[in-house]
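Enquirer:
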Amino acid sequence: QVQFVESGGGLVQPGGSLRLSCAASGIIFSIYDMGWYRQAPGKQRERVARITSGDMTNYADSVKGRFTISRDNAKNTVYLQMNSLKFEDTAVYSCNVYIGGNLGMFNWGKGTLVTVSS
Numbered sequence: 001q002v003q004f005v006e007s008g009g010g011l012v013q014p015g016g017s018l019r020l021s022c023a024a025s026g027i028i029f030s031i032y033d034m035g036w037y038r039q040a041p042g043k044q045r046e047r048v049a050r051i052t053s054g055d056m057t058n059y060a061d062s063v064k065g066r067f068t069i070s071r072d073n074a075k076n077t078v079y080l081q082m083n084s085l086k087f088e089d090t091a092v093y094s095c096n097v098y099i100g101g102n103l104g105m106f107n108w109g110k111g112t113l114v115t116v117s118s
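Those letters in the sequence shown? Residues 1 to 118, by the working numbering.
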């Protein structure tokens with residue numbers, strides 16, 4: 001059974017930082033491209049960052065230069081370092097195996113809520 005458990009979210013002021021973690025189980029983590037996604041209230045899910053099995057990264061324009069995705073295959077974990085947070089970054093953040101666009105290969109975990117507020 002594939003499972004993703006996201007953590008690290010919280011309330012942060014604009015300009016602040018958070019580091020999200022996503023622990024995966026039930027898959028051979030190292031062979032998959034992984035993505036971080038977010039869904040704000042009333043909006044569709046969007047992919048914010050992707051990391052390939054070979055550690056190549058790609059970011060949405062809205063987070064480029066502020067977010068950094070990384071992975072630790074020994075821990076089956078993907079991370080998202082978020083700096084210079086903005087109000088519009090408020091969303092539930094989730095991870096999944098990347099298969100293109102805003103889609104994930106497996107069922108979504110509960111995600112972790114990031115709230116940027118003053």
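For glycine and all other residues, C-beta sits at the position ideal for the given N, C-alpha and C. In this text the structure is predicted, and so the values were computed from the model without any measurement.
Using 10 angstroms around the beta-carbon of D89, count the other beta-carbons present and answer buried if the total reaches 16, otherwise exposed.
Expert: So D89 counts as buried.
Enquirer: Which residues in the same chain as S17 place their Cβ atom closer than 8 Å to its Cβ, once the five residues preceding and following it in sequence are excluded?
Expert: Answer for S17: Q81, M82, N83, S84, L85, listed in chain order.
Enquirer: Exposed or buried, what is F87 when buried is set at 16 or more other beta-carbons lying within 10 Å of its beta-carbon?
Expert: By the 10 Å Cβ count, F87 comes out exposed.
Enquirer: Suppose you measure from the CA of N107 to the CA of V48; what does that come to, to the nearest Å?
Expert: Taking the straight line from one Cα to the other gives about 18 Å.
Enquirer: Are the CB atoms of Y93 and A33 within a distance shorter than 8 Å?
Expert: At residue 33 the sequence reads Asp, which differs from the Ala that was named. Not in contact: D33 and Y93 (Cβ atoms no closer than 8 Å).
Enquirer: What is the DSSP secondary structure of I99, reduced to helix, strand or coil?
Expert: Reduced to three states, the DSSP call for I99 is coil.
Enquirer: Out of curiosity, what's the CA-to-CA distance linking Q3 and F29?
Expert: Cα to Cα, Q3 sits roughly 11 Å from F29.
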